[in-house]
Amino acid sequence: MAYDERRHGIAAGLSAYFLWGLLPVYWKWIDHVPAAEVLAHRIIWSLIFLGGLFLVLRRVTDLKEDLKYIAFHPKIIAGIFTSAFFISINWLLFIWAVANERMVEVSLGYYINPLINVVLGVLFFKEKLTVRQRTAVGLAFTGVMILTISSGTVPYIALSLALSFGFYGLVKKQTKIGAMTGLIIETLFLMPFALGFLFFVHSSLGEVMHPADTLTPLLLIGTGAATAIPLLLFGTAAQKIPLSLLGFLQYIAPTMMLLLGVIFYGEPFTNVHIISFMLIWTALLLYSVRFKISKN
1 MAYDERRHGI AAGLSAYFLW GLLPVYWKWI DHVPAAEVLA HRIIWSLIFL GGLFLVLRRV
61 TDLKEDLKYI AFHPKIIAGI FTSAFFISIN WLLFIWAVAN ERMVEVSLGY YINPLINVVL
121 GVLFFKEKLT VRQRTAVGLA FTGVMILTIS SGTVPYIALS LALSFGFYGL VKKQTKIGAM
181 TGLIIETLFL MPFALGFLFF VHSSLGEVMH PADTLTPLLL IGTGAATAIP LLLFGTAAQK
241 IPLSLLGFLQ YIAPTMMLLL GVIFYGEPFT NVHIISFMLI WTALLLYSVR FKISKN
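Reading the sequence shown from the start, the letters are residues 1 to 296 in the UniProt record's numbering.
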């Protein structure tokens, strides 16, 4: 039974990160729709899809209990508003970057995210860094600086993605609400802004769904499933396999994004990129090996 659970957990984890790695392709299919509109649709349809899942999985009672508990705790409400803000920024940047041929920079952001989490742990939780962890952070910083000096601009998309997701995780750690429940409440909080934006931009409900072709409305509706399904798989994996193994699997998604950007979409990947990414990959190896040793 334990072996089967672990095998199912690994399969769920691989599937989650594989789908996250393919997500840029989905955003490419609707890159003719402005990024802010795609974000608004993603919020709305994620809420609807997750609401349907709660009904199917018979977890509506659990959700009601969570909402009652949250209603009497202003700090948790503030935390959910804050996490909703950070995840909406992260989603918007991701969608915009993919539409504007910045997939390599997106992959960089998700590669350095674990190391950003290390820095946030030091700043907010006074966590102590080992020599190996300091070396890892230093190597990643050097890699980012090489890219900055070479291009003459800071890779702001990568850093913003890493920081927004890092702060999202930081706030989620404080609120201590499950991933699926947290996301449905976050999207519930964001729903009025999403609806307001769509009706501000468009004069009628018909225009909101971009009816000029039949595929675009379906793809916009599908953003809910594209958001929720990997999250559900990730939640299953997190329950059945060690966190150290899940930590290694997380690099599947940015690796796929990098390969998609360079091979399929022809984004530039120069010698400077190679040097910078090798430094960051070395940093991640140091961090991951150290994390596995500490878990064992």
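Cβ atoms here follow ideal geometry from the backbone N, Cα and C, with glycine treated the same way.
Rounded to whole angstroms, what is the Cα-Cα separation between residue i and residue j?
i, j, result
"residue 145", "residue 115", "15 Å"
"residue 295", "residue 109", "Caution is warranted here: a pLDDT of 49 is assigned to residue 295, below 50, making its placement in the model unreliable, and no coordinate value can be reported."
"residue 283", "residue 75", "36 Å"
"residue 117", "residue 18", "22 Å"
"residue 121", "residue 215", "44 Å"
"residue 26", "residue 101", "14 Å"
"residue 149", "residue 52", "49 Å"
"residue 213", "residue 29", "13 Å"
"residue 164", "residue 59", "29 Å"
"residue 218", "residue 33", "13 Å"
"residue 156", "residue 162", "10 Å"
"residue 153", "residue 56", "48 Å"
"residue 61", "residue 177", "15 Å"
"residue 239", "residue 245", "12 Å"
"residue 1", "residue 8", "Below a pLDDT of 50, predicted positions are generally treated as unreliable, and residue 1, at 46, falls in that range; no measurement from the model is reported."
"residue 251", "residue 174", "25 Å"
"residue 65", "residue 77", "15 Å"
"residue 113", "residue 31", "25 Å"
"residue 253", "residue 126", "30 Å"
"residue 166", "residue 274", "25 Å"
"residue 20", "residue 231", "9 Å"
"residue 89", "residue 131", "33 Å"
"residue 141", "residue 199", "43 Å"
"residue 124", "residue 143", "24 Å"
"residue 264", "residue 247", "27 Å"
"residue 4", "residue 67", "35 Å"
Check whether the Cβ atoms of residue i and residue j sit closer than 8 Å, and answer yes or no.
i, j, result
"residue 49", "residue 225", "yes"
"residue 184", "residue 54", "yes"
"residue 262", "residue 104", "yes"
"residue 158", "residue 286", "no"
"residue 69", "residue 280", "no"
"residue 227", "residue 6", "no"
"residue 107", "residue 257", "yes"
"residue 38", "residue 255", "no"
Among the residues of its own chain, which have a CB less than 7 Å from the CB of residue i, if the five just before and after it don't count?
i, result
"residue 35", "92, 95, 96, 99"
"residue 87", "168, 186"
"residue 293", "Residue placement at residue 293 cannot be trusted, given a pLDDT of 48 that sits under 50; what the coordinates show is reported in the next sentence. Correct list: empty, nothing qualifies."
"residue 47", "184, 187, 188, 191"
"residue 249", "13, 14, 17"
"residue 151", "none"
Using a Cβ-Cβ cut-off of 6 Å (strictly less than) and excluding sequence neighbours within five positions of residue i, which residues of its own chain qualify?
i, result
"residue 44", "194"
"residue 12", "233, 236, 237"
Could you tell me how far apart the beta carbons of residue i and residue j are, in whole angstroms, since I believe they sit closer than 8 Å?
i, j, result
"residue 241", "residue 10", "6 Å"
"residue 63", "residue 181", "6 Å"
"residue 272", "residue 129", "Not confirmed; about 28 Å, so no contact."
For residue i, collect the residues of the same chain with a Cβ closer than 8 Å to its Cβ; drop the 5 residues on either side in sequence, then sort them by chain order.
i, result
"residue 189", "80, 81, 84"
Buried or exposed for residue i, going by 16 or more other Cβ atoms inside 10 Å?
i, result
"residue 196", "exposed"
"residue 23", "buried"
"residue 72", "exposed"
"residue 139", "buried"
"residue 276", "buried"
"residue 40", "buried"
"residue 170", "buried"
"residue 172", "buried"
"residue 160", "buried"
"residue 220", "buried"
"residue 266", "exposed"
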